[in-house]
Amino acid sequence: MDREFNHTSDSKGKKSIYDVQKRLDELRSLIEYHNNRYYNLDDPEISDFEYDLLYQELKHLEEEHPELVNPDSPTQKVGGVAKRELRKVAHDVPVISLQDAFSREEVIQFVNRIQLELPDALFVVEKKLDGLSVLLRYHDGVLTEGITRGDGETGESVYENLLMIPSVPKTIPAKLPYLEVRGEIYMSNDAFEKANRNQEEIGGRMYQTARNLAAGTMRQLDPNIVRDRNLDIFVFNLEISEGREFTSHSETLNWLEQQGFPVSPDFKICSSADEVWAAIEHIERIRWELPYGIDGAVVKVDDLQARARLGMTSKVPRWAIAFKYPPEQKETIVEDIHIQVGRTGRLTPLAVLKPVKLAGTTVSRASLHNQDYISSKDIRIGDTVIVQKAGDIIPEILRVIPEKRPEGKTSPFTIPEKCPFCGSKAVREENGADIRCTGSNCFAQSVRKVIYFASKDAMNIEGLGPSSVEALMSHGYVENAADLYSLHKYREELIEKGIVGKEKGTDNLLQAIESSKGNDIDRLITGLGIRNVGRQAARVLAGNFPDMDAIKNATYEQLIVLPDFGEIMVRDILEFMAREETAYMLTRLKEAGVNLRSLSAGSKKNNILEGKIFVLTGTLQGMTREKARELIENNGGKVSGSVSRKTSYVLAGSEAGSKLTKARDLGVTVISEEEFLEMLKNT
């Protein structure tokens, strides 16, 4: 990415004000773009390091030219950069890494060295899960904090997100004054596959590894995202236990399991180098049958006093090593390269491979991502390639074997300049790697758009999955999302042909479509598939405009002041709303009886709760928590998923949990349901 000025200078060698302003505009636009990809799309394109360079360059330029500072600049927005960071927390005990081993000889040497010094030493062999390491803190049996590893000395608080993971105990039977344990947050194979199926249904970019998705999820500032992604934890070490002494690591694991912690699964206690190696080999044999990803095995001295005696080197403990399994790699042949078209028109190349058994499953396809990826590896149809699974999950082509390339029978592959489905021109994004179809009537895009419209996060039409959408569109019953609301006219035909099932299946689908008409417009806005506008942005629009007409006619000035709305998102909304096909779609939806009014904005009575932040916990008696949220937001307040010093009130029902404890610790006002209703008495 270009981070230097390449513009002309004035006669004194300085950049002209025009050049500086141009670079400032570029940087602001880039930073807004990457903020959106990081927070809203959970699909960052650059590293934090690269992001920081952009931000620092912007900050430096604005300090040199204060007259050019824009109040809408990312540097001037409250939380504009801090939002990218979680709260820093110092570790009570340094969080250390382990020395890696890659061969049997290294493992044998490690065990022999320990037993030379401690002849009776026992060893615990555990699976090394591929996830995000966290420290959990408990005071008097209640979870009070959760911290990532960070640099080993300081981590980031992910407490609110941990509360959304069911397998993390929020309370434990032992009421020790202070307990700290270390665990690994991970995403199971099933949860990861489900997340990617959801992405496929909505035409989104596929996640590459379960580990990266789990780690990225834990960095989200919205705990609800964590809840929806079904993360898990295994605890593998007890760090601090005030009021309780232990003699061995295996004893701590057994005790932690009694306290309700999911601990290192099926750990093995070994007394010799041969037993240790046999345990490592056993884990390798079964690793592809496990419901979660691992990238190795950990060998630890069991006796805790022996660990203290062995101590540390300058960087790693002398009492443990991590054996890393090499990724399984195999040869296969690229038989073809297909082009897929997503709902936004992105052309994604897909390698069709000669099927090969890899990491426990048969692999026959691998994404080639974009033209840059293909060109950098020079992947051609007919090539023999080495494949592996990134993170042992996603098939990827590692490299081509040039000496096995059929002589004179291959040529470099180029993504076509026309969409393979509709023939429209395909163009590469400016400042990006994606190539997109420009056709407005592309069938492949249309299918993806309708799938997204019906998806859970959008109009939530149950039973209308990808296969049903494709069948309806292939048979000519649906061309766009508005046509879904005319399907009832063809009920008998649909039943007779069995396109979406027989009578019961067809009627269930028609009823689900009918029910979706009453959704609030945040779901409709999401379903329209405006680029860079997700569910949260749709909620903001629904909360600030009375209906779709008002949103369609909104100005730049009205949109840019909305919370977390940047230049790129606003531009995408204005461009989408200006299209003739958008006006046509909204007209048809209105004629079909689909709700186009904002139920949240329309029902707002006053702003009596403006500026107040509420956190809901426990079971309310007279209303659901969703209804309480609606009342708060309709009266100008906001609802957060976690308690902090910025929280105004915690609305607590029966069986309130750790949020109530944290509120009391922070001195946040806790109110009952009756007190909450009293606040709203005059509204």
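This note's numbering numbers the first residue of the sequence shown as 2 and each following residue consecutively.
Think of the CB as a built atom: it goes at the ideal place given N, C-alpha and C, for glycine as much as any other residue.
Cβ atoms of residue j and residue i: under 8 angstroms apart, would you say?
i, j, result
"Ala-298", "Val-501", "no"
"Ala-513", "Ile-526", "no"
"Arg-532", "Ala-459", "no"
"Asp-548", "Leu-597", "yes"
"Ser-368", "Thr-349", "yes"
"Ile-97", "Gly-153", "yes"
"Leu-560", "Ile-574", "yes"
"Val-182", "Asn-238", "yes"
"Glu-243", "Pro-174", "no"
"Gly-544", "Ser-601", "yes"
"Val-112", "Val-135", "no"
"Leu-661", "Ile-633", "no"
"Glu-674", "Leu-617", "no"
"Leu-254", "Ile-166", "no"
"Ser-30", "Glu-430", "no"
"Ile-522", "Ser-599", "yes"
What does residue i pair with, by DSSP beta-bridge criteria?
i, result
"Ala-321", "Lys-301"
"Leu-354", "Val-335"
"Val-595", "BP columns for Val-595 are empty, so no partner."
"Gln-389", "Glu-397"
"Thr-620", "Ser-655"
"Gln-341", "Thr-349"
"Glu-157", "Lys-89"
"Thr-149", "Val-135"
"Gly-184", "Val-135, Val-236"
Among the options, which residue has its Cα nearest to the Cα of residue i?
i, options, result
"Tyr-208", "Ser-456, Ile-395, Asp-666, Met-474", "Ile-395"
"Lys-89", "Leu-117, Lys-129, Arg-150", "Arg-150"
"Leu-87", "Pro-224, Gln-200, Thr-210, Leu-119", "Pro-224"
"Ile-402", "Lys-331, Ser-468, Pro-350, His-339", "Lys-331"
"Pro-417", "Val-479, Arg-347, Glu-408, Phe-454", "Arg-347"
"Tyr-34", "Ser-168, Gly-433, Leu-163", "Gly-433"
"Asp-666", "Gln-306, Leu-28, His-61, His-140", "His-140"
"Leu-681", "Asp-101, Gln-200, Glu-631", "Glu-631"
"Asp-550", "Tyr-585, Pro-292, Lys-518, Val-571", "Tyr-585"
"Lys-129", "Ala-122, Asp-101, Gln-57, Ile-109", "Asp-101"
"Leu-354", "Ala-122, Ile-322, Ile-398, Glu-592", "Ile-398"
"Met-188", "Thr-218, Lys-171, Thr-172, Leu-164", "Thr-218"
"Gly-594", "Leu-621, Val-669, Ala-483", "Ala-483"
"Ala-657", "Thr-172, Tyr-19, Tyr-56", "Thr-172"
"Leu-511", "Asp-521, Gly-535, Gly-499, Leu-485", "Leu-485"
"Phe-677", "Gly-642, Gln-306, Ile-614", "Ile-614"
"Tyr-326", "Asn-371, Trp-278, Ala-309", "Trp-278"
"Val-108", "Arg-406, Thr-155, Cys-271, Arg-212", "Cys-271"
In three-state terms, what does DSSP make of residue i?
i, result
"Thr-411", "coil"
"Pro-468", "Residue identity differs from the one stated: residue 468 is Ser in this sequence, not Pro. Looking at Ser-468 - three-state DSSP - the assignment turns out to be helix."
"Gln-221", "coil"
"Asn-190", "helix"
"Arg-85", "Its pLDDT being 42, under 50, Arg-85 is placed unreliably by the model, and the measurement read from it follows with that caveat. Reduced to three states, the DSSP call for Arg-85 is helix."
"Leu-257", "helix"
"Tyr-139", "strand"
"Asn-113", "helix"
"Leu-119", "coil"
"Pro-238", "With the sequence shown as reference, residue 238 is identified as Asn, and Pro is not the correct amino acid for it. Here Asn-238 sits in strand by DSSP."
"Thr-76", "coil"
"Tyr-293", "coil"
Would you call residue i buried or exposed, if buried means 16 or more other Cβ atoms sit within 10 Å of its Cβ?
i, result
"Tyr-40", "Reliability fails at Tyr-40, whose pLDDT of 45 lies under 50, so the model's placement of it is uncertain and the value that follows must be treated cautiously. It is buried - the Cβ of Tyr-40 has at least 16 other Cβ atoms within 10 Å."
"Lys-505", "exposed"
"Phe-103", "exposed"
"Lys-628", "exposed"
"Leu-1", "With the chain covering only 2 through 684, there is no way to say anything about residue 1."
"Asn-162", "buried"
"Ile-287", "exposed"
"Arg-220", "buried"
"Glu-581", "exposed"
"Gln-389", "buried"
"His-250", "buried"
"Thr-314", "exposed"
"Thr-507", "buried"
"Gln-446", "buried"
"Tyr-557", "exposed"
"Gly-147", "buried"
"Asp-303", "buried"
"Tyr-56", "buried"
"Gly-519", "exposed"
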